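**Q** Mind looking over this structure? Questions follow.
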Amino acid sequence: MATLCEMTSVPVKSETYEQVDHLGIFISDNEREVITLVNYTFLCRFISLFGIISNLINLVIFYRQGLNSTINISFFALALSDLCCSFFQQLFNFYVSPLFDDLPVQFADVQHLTIGVQRGIFSKITCLITVYITAERCLCVAFPLHIKQIITTRRTTAIIVLIYLLTVCSFVPLYTSSYLGWKFYPEWNQTRIGLIAYTENQAASAIVYSMLAISGLLSFIAVIILAAILIAKLREKSAWVKTANAQKEKAGSLSKRDRATMRMVVLIVSILIICYAPSTMLGVVTVLEPEFSPGGKYYNWYYVLWSFAMLFETTNSSVNIFLYLKMSSKYNQTFREIFPCFEKKVMKPTNSVSEK
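No gaps in the numbering here: position 245 of the sequence shown is 244 in numbering that gives the first Met the number 0, and each next residue is one more.
The structure is reproduced here in structure tokens:
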């Protein structure tokens, strides 16, 4: 998330690092090319294509259900950011393809400003909206009698718009650190359109990357804390109902709803942590270790590990449809109404969470 914009720029390197690799800690250029080719050209391409289709379906379903509830607004905004992330990832995959090596454009450099930044923006938005959804669910359990006054559709819409705007603004400084122009590449003995850095703005760019890495780390901490609070509140509420000698049917119904909500939160947090942990950790490492960069000693590790991080993030933007189908009866019903051909094949939700 912090440095997604540069992770596939093809490095201009000699055999220096490979020659001094006495400890076997470096990856060869050929190994790097094979791994990144598989991750981007094959895996990311198919997963992001599925993400585009699945998120278009999500947008249609949530719009059809109506954007008159806070949770539907949040899920609609999440589907939109996931759609954009999958779309730019699909373009990203073409930019790093070796098929374009003979053209007078260094696509691996050009993608930084034309695709990489945009993809990083929506990846960040997806993470922040997921944090907000978790916080909203936490408040629903912590303050059930006042939630409609605390979380309104207007406030939710305002927060979502603010997330989009602030995230876009946080990435704007990256455009001041470099520009596209004609650049000589000695390995091809050609002048190509590539990325040219503004030397005087590199310090500001480094600060921006550091801030993005820190904000990504804070997002993880926030969602874990909120999820822990939510689970604790649900358990406390469930225990109170049982000790209050409530009606058996009512207690059983509440218990099922509590368990379903807990499973939903666990899934949201698990998907977020698993799919965004690699990019968050790599962002921190990039800030702490100068040699872990496109021009550093560990440049091949940089590209290989970031290719896996992008693969995980692309997966995160594509799998929510399965979560909705499994956990939401309302989503499942609308899906079957729109696609009657899947009436018998689509999975039926178990102990589903009912939307507000």
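For glycine and all other residues, C-beta sits at the position ideal for the given N, C-alpha and C.
Fair warning: this is a prediction, and the values are worked out from it, not measured in the lab.
At the level of alpha carbons, what is the spacing between residue 336 and residue 46?
**A** The residue you call residue 336 lines up with position 337 of the sequence shown. The residue you call residue 46 lines up with position 47 of the sequence shown. Those two C-alpha atoms are separated by around 26 Å.
**Q** Thinking C-beta only, is residue 76 closer than 7 Å to residue 54?
**A** Stepping through the sequence shown from its first residue, residue 54 is reached at position 55. Stepping through the sequence shown from its first residue, residue 76 is reached at position 77. Contact: no.
**Q** Would you call residue 38 buried or exposed, if buried means 16 or more other Cβ atoms sit within 10 Å of its Cβ?
**A** Counting from 1 along the sequence shown, the entry for residue 38 is found at position 39. Residue 38 should be labelled buried.
**Q** Would you call the segment 221-238 and the segment 133-142 in contact, with 3 or more CB pairs under 8 Å?
**A** Yes, the segment 221-238 is in contact with the segment 133-142.
**Q** Going by beta-carbon coordinates alone, are residue 277 and residue 308 separated by less than 7 Å?
**A** Locating residue 277 in the sequence shown gives position 278, where the first residue counts as 1. Locating residue 308 in the sequence shown gives position 309, where the first residue counts as 1. Going by C-beta atoms, residue 277 is nearer than 7 Å to residue 308.
**Q** Straight-line CA distance for residue 357 to residue 223?
**A** With the chain covering only 0 through 355, there is no way to say anything about residue 357.
**Q** As a quick exercise: from 318, 288 and 291, pick the residue whose alpha carbon is nearest that of residue 274.
**A** As a first step, residue 274 is located in the sequence shown; it is residue number 275 there, counting from the start. That would be 318, whose Cα lies nearest to the Cα of residue 274.
**Q** Looking at residue 56 and residue 87, is the spacing between their C-beta atoms short of 7 Å?
**A** The residue labelled residue 87 in the question sits at position 88 within the sequence shown. The residue labelled residue 56 in the question sits at position 57 within the sequence shown. No; because the gap between Cβ atoms is not below 7 Å, this pair is not in contact.
**Q** Give me the Cα-Cα distance between residue 163 and residue 124, rounded to the nearest whole angstrom.
**A** Translated into the one-based positions of the sequence shown, residue 163 becomes position 164. Translated into the one-based positions of the sequence shown, residue 124 becomes position 125. Roughly 6 Å separates the two Cα atoms.
**Q** For residue 216 and residue 339, I'd like the C-alpha separation in whole angstroms.
**A** Numbered from its first residue, the sequence shown carries residue 216 at position 217. Numbered from its first residue, the sequence shown carries residue 339 at position 340. Using only the alpha carbons, I get a separation of about 42 Å.
**Q** Sorted by chain position, which residues of the same chain lie with C-beta nearer than 7 Å to residue 96's C-beta, five sequence neighbours on each side aside?
**A** As a position in the sequence shown, residue 96 is number 97, starting the count at 1. Hits under 7 Å: 40.
**Q** Could you round the C-beta distance between residue 183 and residue 279 to whole angstroms and report it? I think they count as a contact, below 8 Å.
**A** Locating residue 183 in the sequence shown gives position 184, counting from the first residue. Locating residue 279 in the sequence shown gives position 280, counting from the first residue. With 8 Å as the limit, residue 183 and residue 279 do not qualify as a contact, their Cβ atoms being about 36 Å apart.
**Q** Ends of the alpha helix (DSSP H) at residue 383?
**A** Absent from the structure is residue 383, since the part of the chain shown begins at 0 and ends at 355.
**Q** CA-CA distance, residue 35 and residue 306?
**A** Stepping through the sequence shown from its first residue, residue 35 is reached at position 36. Stepping through the sequence shown from its first residue, residue 306 is reached at position 307. When rounded, the distance between both Cα atoms is 6 Å.
**Q** Tell me which same chain residues have a C-beta within less than 7 Å of the C-beta of residue 117, skipping the five on either side of it?
**A** Mapped onto the sequence shown, residue 117 falls at position 118. Hits under 7 Å: 87.
**Q** Can you tell me which of the three DSSP states residue 271 falls into?
**A** Here residue 271 corresponds to residue number 272 of the sequence shown, with the count starting at 1. Helix.
**Q** Give every residue of the same chain whose Cβ lies closer than 6 Å to the Cβ of residue 121, excluding the five residues on either side of it in the sequence, and list them in chain order.
**A** In the sequence shown, the residue the question calls residue 121 occupies position 122. Here the set comprises 80, 83 and 84.
**Q** Would you please state the rounded distance, in angstroms, between the beta carbons of residue 267 and residue 132? I believe it to be under 8 Å.
**A** The sequence position of residue 267 within the sequence shown is 268, counting from 1. The sequence position of residue 132 within the sequence shown is 133, counting from 1. With a Cβ gap of about 7 Å, residue 267 and residue 132 count as contacting.
**Q** Taking the CB atoms as reference points, tell me whether residue 72 and residue 129 lie closer together than 7 Å.
**A** On the sequence shown, residue 72 is found 73 positions in, with the first residue counted as 1. On the sequence shown, residue 129 is found 130 positions in, with the first residue counted as 1. For residue 72 and residue 129, no; Cβs fall outside 7 Å.
**Q** Start and end of the alpha helix (DSSP H) containing residue 340?
**A** Walking along the sequence shown from the start, residue 340 turns up at place 341. It is not in any alpha helix (DSSP H) - residue 340 carries neither H nor E in the DSSP assignment.
**Q** Buried or exposed, going by whether 16 or more other CB atoms sit within 10 Å of the CB of residue 22?
**A** As a working mapping, residue 22 is identified with position 23 in the sequence shown. With a pLDDT of 41 at residue 22, under the threshold of 50, the modelled position of this residue cannot be trusted, and the question is left open.
**Q** What residues in its chain sit with their C-beta under 6 Å from that of residue 166, if we drop five residues either side in the sequence?
**A** In the sequence shown, residue 166 corresponds to position 167, counting from 1. Contacts found: 120, 123 and 124.
**Q** Considering Cα atoms alone, identify which of 42, 26, 289 and 193 is closest to residue 110.
**A** Locating residue 110 in the sequence shown gives position 111, counting from the first residue. Selected option, being the one with the closest Cα: 193.
**Q** I'd like the list of long-range same chain contacts for residue 207, defined as Cβ closer than 7 Å, with 5 residues on each side in sequence excluded.
**A** Locating residue 207 in the sequence shown gives position 208, where the first residue counts as 1. Only 172 and 173 meet the Cβ criterion.
**Q** Quick one: what's got a C-beta closer than 7 Å to residue 304's C-beta in the same chain, skipping five residues either side?
**A** Along the sequence shown, one-based indexing puts residue 304 at 305. Excluding residues within five positions, the ones whose Cβ falls inside 7 Å are 281.
**Q** Give a yes or no on whether the C-beta atoms belonging to residue 313 and residue 43 are separated by under 7 Å.
**A** Locating residue 313 in the sequence shown gives position 314, counting from the first residue. Locating residue 43 in the sequence shown gives position 44, counting from the first residue. Going by C-beta atoms, residue 313 is nearer than 7 Å to residue 43.
**Q** Run through DSSP, which three-state label would residue 65 get?
**A** In the sequence shown, residue 65 corresponds to position 66, counting from 1. Residue 65 falls in the coil class under three-state DSSP.
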